[in-house]
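Colleague: Residue numbers (the working numbering): 21 to 276.
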Amino acid sequence: MLTNYHTHCNRCKHAEGSVEHYVQQAIMEGFSVLGMSDHLPYPNFDYGFRMDFAEIEDYIAEVREAQKKYGDRLTLLLGFESEYLREYRRFYEKLLDKYGVEYLVLGQHFYDIGGHWQSAYDISDTAECVTYARSVSEGLDTGYYSLLAHPDIVGVNCLEWDRNMDEMTDIIINSAVKNDIPMEINANGVRRGYVTDGLGMHYTYPHFLFWEKVAESGAKVIISSDCHHPALLNDKDVGKCRTIARNWGLNVIEKL
Ligand SMILES: [Zn+2]
Ligand SMILES: [Zn+2]
21 MLTNYHTHCN RCKHAEGSVE HYVQQAIMEG FSVLGMSDHL PYPNFDYGFR MDFAEIEDYI
81 AEVREAQKKY GDRLTLLLGF ESEYLREYRR FYEKLLDKYG VEYLVLGQHF YDIGGHWQSA
141 YDISDTAECV TYARSVSEGL DTGYYSLLAH PDIVGVNCLE WDRNMDEMTD IIINSAVKND
201 IPMEINANGV RRGYVTDGLG MHYTYPHFLF WEKVAESGAK VIISSDCHHP ALLNDKDVGK
261 CRTIARNWGL NVIEKL
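In structure tokens form, the structure reads like this:
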């Protein structure tokens, strides 16, 4: 069964293709479920790399229309990929309760430290990765999220894998298991290619040391394309993720 719950579209300004393009690709590839999860914009601040806040209703309408048009051929879900920022709790609730958003993916690209935001891609100290993990865990505890995107994204900072990195890993895995939320092997990490450091040649994410612990935990895992182009929905790197997950002995599930 082919599914993908982490899909972007051109509204985020760094992807190509409309919702319909992704749906047509999914049908062509024989997918049963396609979840659209474009980056969520926030009401009072533009964090960049996402649709304008005023576009939310248009995006929802676009997905709803495609659901009507293609609903007999695949299950199309309306979602967003969203950070967890405490001050927006009401907003997340409104999306789920009033706008009928069907699921949220937690993609913690940045997090709040004492009122200013810190990018997960720009961390220089492993102790900060523990802070990052706590923000992810707090997000998962809210019950708003159905899937945790790239749980090992801090790997892009290529920091030495020390005890803080193990602690980061444990905090995130324990929270995902406790809340029964699958974690994602993200094909964009594979698309970035290998790095070579003291640990040898490996992906920055999915980072083998993170997923070694996931395998031990038995936590649920989902493969995501995180595609920003329809042609990447089920590309060779998604295939590599499936192979990696199998080789690492992960508990892969297909459906949320
Ligand atoms: Zn994106
Ligand atoms: Zn994404």
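All C-beta atoms, glycine included, are put in the ideal place defined by N, C-alpha and C.
Quick check: Ile273 and Lys240, are their CB atoms within less than 8 Å of each other?
Modeller: By 1-based counting over the sequence shown, the position of residue 273 is 253. By 1-based counting over the sequence shown, the position of residue 240 is 220. In contact: Ile273 and Lys240 (Cβ atoms closer than 8 Å).
Colleague: Taking DSSP as the reference, what is the three-state secondary structure of Thr263?
Modeller: The sequence position of residue 263 within the sequence shown is 243, counting from 1. Thr263: helix per DSSP, three-state reduction.
Colleague: Taking Thr151 as part of the beta strand (DSSP E), name the residues at either end of that continuous run.
Modeller: The residue given as residue 151 occupies position 131 in the sequence shown. Thr151 -> not in any beta strand (DSSP E); alpha helix (DSSP H) instead, spanning 146-161.
Colleague: Less than 8 Å between the C-beta atoms of Ile201 and Ser155, yes or no?
Modeller: Here residue 201 refers to the residue found at position 181 of the sequence shown. Here residue 155 refers to the residue found at position 135 of the sequence shown. Their beta carbons are not under 8 Å apart, which means Ile201 does not touch Ser155 by this criterion.
Colleague: Around the Cβ of Tyr25, are there at least 16 other Cβ atoms within 10 angstroms (buried) or fewer (exposed)?
Modeller: Numbered from 1 along the sequence shown, position 5 holds the residue referred to as residue 25. Classification of Tyr25: buried, given that the 10 Å Cβ count is 16 or more.
Colleague: Roughly how many angstroms lie between the CA atoms of Val39 and Ile243, to the nearest whole one?
Modeller: To locate residue 39, count along the sequence shown from 1; it is residue 19. To locate residue 243, count along the sequence shown from 1; it is residue 223. In a straight line, the C-alpha of Val39 is about 20 Å away from that of Ile243.
Colleague: Taking 7 Å as the line, does the beta carbon of Phe69 fall inside it for any heavy atom of ligand 1?
Modeller: Translated into the one-based positions of the sequence shown, residue 69 becomes position 49. Flag set: Cβ of Phe69 near ligand 1.
Colleague: CB Ser157 to CB Ser195, shorter than 8 Å?
Modeller: The sequence position of residue 157 within the sequence shown is 137, counting from 1. The sequence position of residue 195 within the sequence shown is 175, counting from 1. Yes, the Cβ-Cβ distance between Ser157 and Ser195 is below 8 Å.
Colleague: Tell me the DSSP bridge mates of Ile133?
Modeller: Mapped onto the sequence shown, residue 133 falls at position 113. Beta-bridge pairing links Ile133 to His136.
Colleague: Between the segment 167-178 and the segment 206-218, can you find at least three pairs of beta-carbon atoms closer than 8 Å?
Modeller: Judged by Cβ distances under 8 Å, the segment 206-218 makes contact with the segment 167-178, as three or more pairs qualify.
Colleague: Can you find the residues in the same chain that come closer than 6 Å, C-beta to C-beta, to Phe228, ignoring five residues on each side of it along the sequence?
Modeller: Working through the sequence shown from its first residue, we reach residue 228 at position 208. Within the same chain, Phe228 has close Cβ partners His222.
Colleague: Taking C-beta to C-beta, are Leu116 and Tyr62 nearer than 8 Å?
Modeller: Along the sequence shown, one-based indexing puts residue 116 at 96. Along the sequence shown, one-based indexing puts residue 62 at 42. Cβ atoms of Leu116 and Tyr62: not closer than 8 Å.
Colleague: Threshold first: 3 residues or longer. Then list the beta strand (DSSP E) segments lying entirely within the segment 96-130, N to C.
Modeller: Segments of the beta strand (DSSP E) lying fully in the segment 96-130: 123-126.
Colleague: Starting from the Cα of Tyr104, find the closest Cα among Glu113, Leu98, Leu96, Gly220 and give me that residue.
Modeller: Taking the sequence shown and counting its residues from 1, one reaches residue 104 at position 84. Out of Glu113, Leu98, Leu96, Gly220, Glu113 has the C-alpha closest to the C-alpha of Tyr104.
Colleague: Taking C-alpha atoms, which residue in Gly259, Phe100, Glu180 lies nearest to Leu219?
Modeller: Working through the sequence shown from its first residue, we reach residue 219 at position 199. Checked all of Gly259, Phe100, Glu180; the closest Cα to Leu219 is Glu180.
Colleague: Who's in the neighbourhood of ligand 2, going by beta-carbon under 5 Å from any heavy atom, listed in chain order?
Modeller: Residues flagged by the Cβ proximity filter: Glu101, Asp246.
Colleague: Taking the alpha-carbon of Arg106 as reference, which of Leu126, Leu97, Lys118, Glu122 has the nearest alpha-carbon?
Modeller: Translated into positions along the sequence shown, residue 106 becomes position 86. Of Leu126, Leu97, Lys118, Glu122, the residue nearest in Cα terms is Leu126.
Colleague: Let's test the definition: count the other Cβ atoms within 10 Å of the Cβ of Trp137 and tell me whether it reaches 16, buried, or not, exposed.
Modeller: The residue you call residue 137 lines up with position 117 of the sequence shown. So Trp137 counts as exposed.
Colleague: What number of angstroms, rounded off, separates the C-alpha of Thr151 from the C-alpha of Thr224?
Modeller: By one-based count along the sequence shown, residue 151 stands at place 131. By one-based count along the sequence shown, residue 224 stands at place 204. C-alpha separation (whole angstroms): 19 Å.
Colleague: Starting from Ile243 and walking both ways along the alpha helix (DSSP H), at which residues does that stretch end?
Modeller: Locating residue 243 in the sequence shown gives position 223, where the first residue counts as 1. From DSSP, Ile243 is part of no alpha helix (DSSP H) but of the beta strand (DSSP E) over 240-244.
Colleague: Confirm, please, whether the CB-CB distance from Leu54 to Tyr42 is below 8 Å.
Modeller: Mapped onto the sequence shown, residue 42 falls at position 22. Mapped onto the sequence shown, residue 54 falls at position 34. Yes. Within cutoff.
Colleague: Please list the terminal residues of the continuous alpha helix (DSSP H) segment that includes Ser237.
Modeller: Residue 237 sits at position 217 when you count from the first residue of the sequence shown. That run of the alpha helix (DSSP H) goes 228-237.
Colleague: Does Leu276 come out as helix, strand or coil in the three-state DSSP assignment?
Modeller: Working through the sequence shown from its first residue, we reach residue 276 at position 256. Here Leu276 sits in coil by DSSP.
Colleague: Helix, strand or coil for Phe189, going by three-state DSSP, please let me know.
Modeller: The sequence position of residue 189 within the sequence shown is 169, counting from 1. Note that residue 189 corresponds to Thr in the displayed sequence, not to Phe. Helix.
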